[in-house]
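Structure record follows, encoded as C-alpha cells.
2 protein chains.
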Amino acid sequence: MSEVVHCCQDRMVYESRRFNLPQAEIKCLMLFAEIGQQTVTQVAQGLDVAKSRASNILSDMATRGLVSFDPDPDDGRVKLVSLTDRGKEYAAEIGDFITRIHGAVLSRLEPPERVMVIKSLELLKNAMDSVKQQLEEM
Amino acid sequence: MSEVVHCCQDRMVYESRRFNLPQAEIKCLMLFAEIGQQTVTQVAQGLDVAKSRASNILSDMATRGLVSFDPDPDDGRVKLVSLTDRGKEYAAEIGDFITRIHGAVLSRLEPPERVMVIKSLELLKNAMDSVKQQLEEM
DNA sequence: CAAGTTGGTTAATGGTATTAACTAAGCATT
DNA sequence: AATGCTTAGTTAATACCATTAACCAACTTG
C-alpha cells in the first residue's frame, strides 16, 4: 500500500524533473486545464493550500510566463488568472504524459483485472474517507 | 486514484500533528520498530533519503530524546543508533495508531472486498513498477 | 606508508506549506 | 457620506523536507 503511494509521489518527482517545473506548478497547470480562468482564491481551494501559497505559486508561474493576471471588471480586488499560450502548451504536454502513464499501467493488466482494480480503488477511497471523517470528529 | 494517495498523505499530516513530531521522525521511528539498532547510513537507506538528511533527522531526534548514539567497537567511524525508552514508547504508540487505522479501513469493507482490494493493490504495484522501470530506461 | 574508500557532519540551496500582519476594495448601516 | 465589517490578495516569518558539495576522520589495500 504505502509502496503504491510512494510510487505515485515518485511519478510527481519524475514529472517535475522532466518538465523542469516544481511539482506545485505542475499541479496548478493541471488545475487550469480542468477549470480555466480562475481567481487566486479559487486556485488555493483547487490545490487545497493556503491563499498565500497559491499567490506565491502563481507569481512564480507568471515569472515563467505560464500564467497572466487580468483585473476583474466587476471587482477591483480580484485578479483573474489564466494560462498563457505557453502555459497551455505545457499543460497539454503534461496532460499527455500523465495519460500515457496511466494507459501504460492499465495496459499491463488484463481487462478483467482493470475493472477490479478500478473498483477496488473506489471502495478503498470510500472506506478511507469514512475513517477520516470519524477521526476528525474525535 | 490521486485522491487515495492524497488521503494517505493526509494521514501522515494527521499523525504528525497528533504526536507533535515531524513526519520524517515518525517514519524513522517506524523504521526502528522494524529493524532495531542501525547505523546512520542504514537509516538513510531505510528512509530512502541522503545520508546528510538522515544525519539531521537523527540529531533532531536525539535532541528530543528519542534515539541515542553509541560508538561501534569494531569501527571508529560508525555510530550505532538505537531507540531510547522514550523512543520505544512513541514508536509503540504510533504503531498502534497505524494498526488501528488500517483495521478501521478494512472493517469498512466486506470480507470478499477486502481480498479483492488487497489483490488489486498488489497488481497495481507491479504494473506501476514495470512502467517505472521502462520509464527509467528512456 | 600513501592512496583510495567509507561513515558521518555541516553548509548552501531550493521546494513545500502555514500562520500572522497588512493593504485595498467592496458592502452595509446608520 | 463616514464608520465598520468582510473579502481578495500580498508579504514576511517560520518550519519542514530534501539534495548536492565539501569536508574530516577512520578504515582498507597495494
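Residue numbers (our numbering), protein chains in the order written: chain A, 1 to 138; chain B, 1001 to 1138. In this text, a Cβ means the ideal position worked out from N, Cα and C, and glycines have one as well.
Beta strand (DSSP E) containing residue i: first to last residue?
i       : result
B/D1085 : From DSSP, B/D1085 is part of no beta strand (DSSP E) but of the alpha helix (DSSP H) over 1085–1107.
B/P1152 : Coverage of chain B is limited to positions 1001 through 1138, which leaves residue 1152 of chain B absent and any answer about it impossible.
Please say whether residue j and residue i have beta carbons closer to each other than 8 Å?
i       : j       : result
B/M1001 : A/L29   : no
B/V1067 : B/K1051 : no
A/V105  : B/A1127 : yes
B/V1078 : B/V1043 : no
B/L1058 : B/G1046 : no
A/E25   : A/D60   : yes
B/E1015 : B/F1097 : yes
A/L123  : B/L1124 : no
A/V115  : B/C1008 : no
Taking the continuous alpha helix (DSSP H) assigned at residue i, which residues delimit it?
i       : result
B/D1060 : 1051–1063
B/L1066 : Per DSSP, B/L1066 belongs to no alpha helix (DSSP H) and is neither H nor E.
B/L1135 : 1111–1136
Using only the alpha-carbon positions, how far apart do residue i and residue j sit?
i       : j       : result
B/D1010 : B/D1129 : 24 Å
A/E137  : B/E1089 : 26 Å
A/R17   : A/K27   : 14 Å
A/V20   : A/D75   : Note that residue 20 of chain A is Asn in the sequence shown, not Val. Going by the C-alpha atoms only, they are around 35 Å apart.
A/V117  : B/K1119 : 8 Å
A/R86   : A/G65   : 7 Å
A/I101  : B/T1063 : 43 Å
A/M12   : B/P1111 : 33 Å
A/G103  : A/A91   : 18 Å
B/E1093 : B/T1099 : 10 Å
B/P1022 : B/Q1134 : 34 Å
B/E1003 : A/E3    : 16 Å
A/S107  : B/Q1037 : 43 Å
B/E1113 : B/G1095 : 25 Å
A/A54   : B/R1053 : 28 Å
A/P73   : A/T84   : 19 Å
A/F69   : A/N56   : 13 Å
Let me know the secondary structure DSSP gives residue i once reduced to three states.
i       : result
A/L80   : strand
B/Q1038 : strand
B/L1021 : coil
A/D48   : coil
B/M1012 : helix
B/M1030 : helix
Report whether the distance from the Cβ of residue i to the nearest heavy atom of the ligand SAH is below 7 Å.
i     : result
A/G46 : Judged by which ligands are present, the structure shown has none, so any question about the ligand SAH falls away.
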